[in-house]
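Numbering (the working numbering), first residue to last: 51 to 162.
Below you'll find the structure, written out as structure tokens, and then a few comments.
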């Protein structure tokens, strides 16, 4: 039997399917919203021995774009056996006081 025919013949069952799908979608959306999202761009050269990484966090109260960018910079430099040194940083704080966007300029230096 075609799906449309089954839905028309059993409307109560169809509504349960629709409500179940909406409930599952709502729960999924809530989990994604609470989990937040931390994203950093790929590291790009920004001059002689200077690199840039942009970071963004969304819908996350305990996340920091500056910290996310620094993690990315440290991982990049660690692959070279070096450590990251911040040269300049700029960011955006939303009206609620959360740091959710950041640009980090850094260099990789040999540890002493």
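Every residue, glycine too, gets a C-beta built ideally from N, C-alpha and C.
Exercise. Identify every residue that forms a DSSP beta bridge with residue 146.
Key: Numbered from its first residue, the chain shown carries residue 146 at position 96. The beta-bridge partner set that DSSP reports for residue 146 is empty.
Quiz item: Looking at C-alpha atoms only, which residue of 99, 91 and 89 is the closest neighbour of residue 159?
Solution: Stepping through the chain shown from its first residue, residue 159 is reached at position 109. Distance check between residue 159 and each of 99, 91 and 89 places 99 closest, using alpha-carbon atoms only.
Quiz prompt | Exposed unless 16 or more other CB atoms sit within 10 angstroms - verdict on residue 118 | solution = Counted from its first residue, the chain shown places residue 118 at position 68. Buried is the call here.
Exercise. Look up residue 153 in the DSSP assignment and say whether it is helix, strand or coil.
Key: Position 103 of the chain shown, counted from the start, is the residue given in the question as residue 153. Looking at residue 153 - three-state DSSP - the assignment turns out to be strand.
Self-check item: One or two residues paired with residue 134 in a DSSP bridge
Solution: Here the question's residue 134 lines up with position 84 in the chain shown. Beta-bridge pairing links residue 134 to 158.
Quiz prompt | Nearest neighbour of residue 115, chosen from 109, 147, 88 and 156 [CA to CA] | solution = The count along the chain shown starts at 1 and reaches residue 115 at position 65. Selected option, being the one with the closest Cα: 88.
Exercise. Indicate the three-state DSSP secondary structure (helix, strand or coil) for residue 119 in the structure shown.
Key: Locating residue 119 in the chain shown gives position 69, counting from the first residue. Helix at residue 119.
Practice problem: Could you pull the start and end residues of the beta strand (DSSP E) that residue 108 belongs to? | Solution: Start at 1 with the first residue of the chain shown, and residue 108 comes out as number 58. First-last of the beta strand (DSSP E) with residue 108: 101-108.
Quiz prompt | Distance between residue 154 and residue 136 (C-alpha atoms, nearest Å) | solution = As a working note, residue 136 is residue 86 in the chain shown. As a working note, residue 154 is residue 104 in the chain shown. Spanning the two alpha carbons is a distance of roughly 7 Å.
Quiz item: When the Cα atoms are used, what is the spatial distance from residue 90 to residue 101?
Solution: Within the chain shown, numbered from 1, the residue matching residue 90 stands at position 40. Within the chain shown, numbered from 1, the residue matching residue 101 stands at position 51. Straight across, the Cα-Cα distance linking residue 90 with residue 101 is about 13 Å.
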